[in-house]
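Student: Protein chains in written order, with my numbering: chain A, 66 to 307; chain B, 1285 to 1368.
A virtual CB, placed ideally from N, CA and C, is assigned to each residue, including glycine.
Since the structure is predicted, the reported quantities are computational estimates derived from the model, not experimental observations.
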Amino acid sequence: MSRSILITGANGALGLAIAEFFLAREESCHVFLGVRERRERAQELAERFSARTNLVTLEVTSPDDWKAAVTEIENKAAPLGVLINNAGFHEDALLANMAQDQWSRVLDANLNAVFHGCQAVLPGMMRERQGRIVNIASLSAISAPAGQTNYAAAKAGVIGLTQSLAKESARMGVTVNTVCPGYIEGGLPADWTPEHLKALKMQLPMRRFARPEEIAAAVFFLASPDASYITGSNLKIDGGLL
Amino acid sequence: MPTCQRLKELMISELMLDMTADEIGNDTPLFGPAGIGLDSVDALQLVVMIEKHFGFKMADQDQAKRILQSVNTIAEAVDQKAAA
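Okay, here's the thing in structure tokens:
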């Protein structure tokens, strides 16, 4: 059956990899790439798969934007069957030095946005009595490194939201799961030096970062019919780091 | 099919209740230990189910609370709306 897939943060390495995974493996799906300002790479993908891919402007912290995006999707294509809450960013600082707005921005983008997204898509999924929500959290939710009180709290919050919502929506045919990726190629801070990256790899059991498609594969599985009894789960994908 | 019977059958299938329509009395309370034992998640599903199958949209939570008492109270609201 045809379904629409909405992926937020779709201009980044992981968002694009997830989109490509769906496009390659689910011929009947229509992918909507949620983007805000930066949209060049998503645009390029949308042009490559123009019959089955659209860009949708979405500021994930805005409930109005979510409403408009869901309406646009429902008017344009098949019912929204999958939401991948992938957008997010971190803004690190020690708590002692963290500005109030550094805390708020990170909580807004990483946790409140997931709340808005789930609230926007649930009515439609409940009507259809089927749906898949995959929330992208982070290994930071579990490892909680110094300098990431805001990000670690937000991502841990995503795991809690997921587990609670999974119980609320289980009987409605909607599953909700979280993925916690570790270090991903293309998703690392641009200012990390080659020496720093090399030293970091030495600490990883596999001595390499994840390829984005290795995370995308798990997301795709959780959104597939094969994962119909998996809900409220948190899948850590870190090459054995934790 | 009378509204009460249709409601019971829809409830059994949509709320995944392990019971038959005969086991649900028209005036049996839907919530709480003295009744069928539905919970708040079921209430939300009932609201969606009633809108989807009868085109009746609850105005607010107070109205939902009044209507979602028993099969009879729901049927009355749905039939009233259909007659209007």
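Following the continuous beta strand (DSSP E) through A/Cys329, name the residue where it begins and the one where it ends.
Tutor: It is not possible to answer for residue 329 of chain A, since the shown part of chain A is limited to 66 through 307.
Student: May I ask you to report which of helix, strand or coil DSSP gives A/Arg197?
Tutor: Three-state result, A/Arg197: strand.
Student: Pull up the distance between the alpha-carbon of A/Val179 and that of B/Gly1316, whole angstroms please.
Tutor: One C-alpha to the other measures close to 32 angstroms.
Student: Taking the straight line between their C-alpha atoms, what separation do you get for A/Glu250 and B/Thr1312?
Tutor: A/Glu250 and B/Thr1312: Cα-Cα distance of roughly 59 angstroms.
Student: In angstroms with no decimal places, state the Cα-to-Cα distance between B/Glu1335 and A/Val199.
Tutor: The alpha-carbon atoms of B/Glu1335 and A/Val199 are separated by roughly 27 angstroms.
Student: Keeping to the same chain, check which residues put their C-beta closer than 8 angstroms to that of B/Lys1365; ignore five residues upstream and five downstream.
Tutor: Result list for B/Lys1365: Phe1338, Gly1339 and Phe1340, in chain order.
Student: Any idea what DSSP makes of A/Ser234, helix, strand or coil?
Tutor: Of the three classes helix, strand and coil, the one that applies to A/Ser234 here is helix, per DSSP.
Student: Return the residues of the segment 121–145 of chain A that lie within a Cβ-Cβ distance of less than 7 angstroms from chain B, sorted by chain order.
Tutor: Of all residues in the segment 121–145 of chain A, none has a Cβ within less than 7 angstroms of some Cβ in chain B.
Student: Locate the alpha helix (DSSP H) running through A/Gly146, then write down its first and last residues.
Tutor: Counting along the chain, A/Gly146 falls outside any alpha helix (DSSP H), though it belongs to the beta strand (DSSP E) covering Leu145 to Asn150.
Student: Taking A/Leu92 as the query, report the chain B residues whose CB atoms sit under 9 angstroms from its CB, ordered along the chain.
Tutor: The residue asked about is misnamed: residue 92 of chain A is Glu in this sequence, not Leu. Neighbours of A/Glu92 on chain B: none; closest Cβ ~29 angstroms, over 9 angstroms.
Student: Which residues mark the beginning and the end of the beta strand (DSSP E) in which B/Gly1316 is found?
Tutor: Premise fails: B/Gly1316 is in no beta strand (DSSP E) and is neither H nor E.
Student: Residues of the segment 1335–1349 of chain B with a CB closer than 9 angstroms to any CB of chain A: list them in chain order, please.
Tutor: Answer in chain order: Glu1335 and Lys1336.
Student: Assign A/Thr243 to one of two classes, buried (16 or more other C-beta atoms within 10 Å of its C-beta) or exposed (fewer than that).
Tutor: Classification of A/Thr243: buried, given that the 10 Å Cβ count is 16 or more.
Student: With a cut-off of 7 angstroms, does the C-beta of A/Met191 fall near any C-beta of chain B?
Tutor: Cβ-Cβ to chain B under 7 angstroms: yes for A/Met191.
Student: Report all residues from its chain with a CB closer than 7 angstroms to the CB of A/Ala221; omit the five preceding and five following residues, and keep chain order.
Tutor: Around A/Ala221: Ala206.
Student: Residues in its own chain within less than 8 angstroms of A/Ala185 by CB, not counting five upstream and five downstream?
Tutor: Closer than 8 angstroms at the Cβ level, and outside the excluded window around A/Ala185, lie Pro128, Trp131, Lys132, Ala134 and Val135.
Student: Quick one: does the C-beta of A/Arg170 sit closer than 6 angstroms to a heavy atom of the ligand SAH?
Tutor: Of the ligands one can find in the structure shown there are none, so the ligand SAH has no counterpart to examine.
Student: Beta-carbon within less than 7 angstroms of B/Met1303's beta-carbon, same chain only, minus the 5 sequence neighbours each way: which residues are those?
Tutor: Around B/Met1303: Ile1296.
Student: Hey, A/Glu233 and B/Val1325 are a contact pair by Cβ (cut 8 angstroms); roughly how many whole angstroms apart?
Tutor: Right, the Cβ-Cβ distance comes to about 5 angstroms (below 8 angstroms), so this counts as a contact.
Student: Spatial neighbours of B/Glu1293 within its chain, please: CB distance less than 7 angstroms, with the 5 preceding and 5 following residues excluded, ordered by chain position.
Tutor: The residues are Ala1305.
Student: Assign A/Glu124 to one of two classes, buried (16 or more other C-beta atoms within 10 Å of its C-beta) or exposed (fewer than that).
Tutor: It counts as buried.
Student: Give the residues of chain A in contact with B/Met1303, contact being defined as C-beta atoms less than 9 angstroms apart.
Tutor: Here the premise fails: no neighbours, minimum Cβ distance about 15 angstroms.
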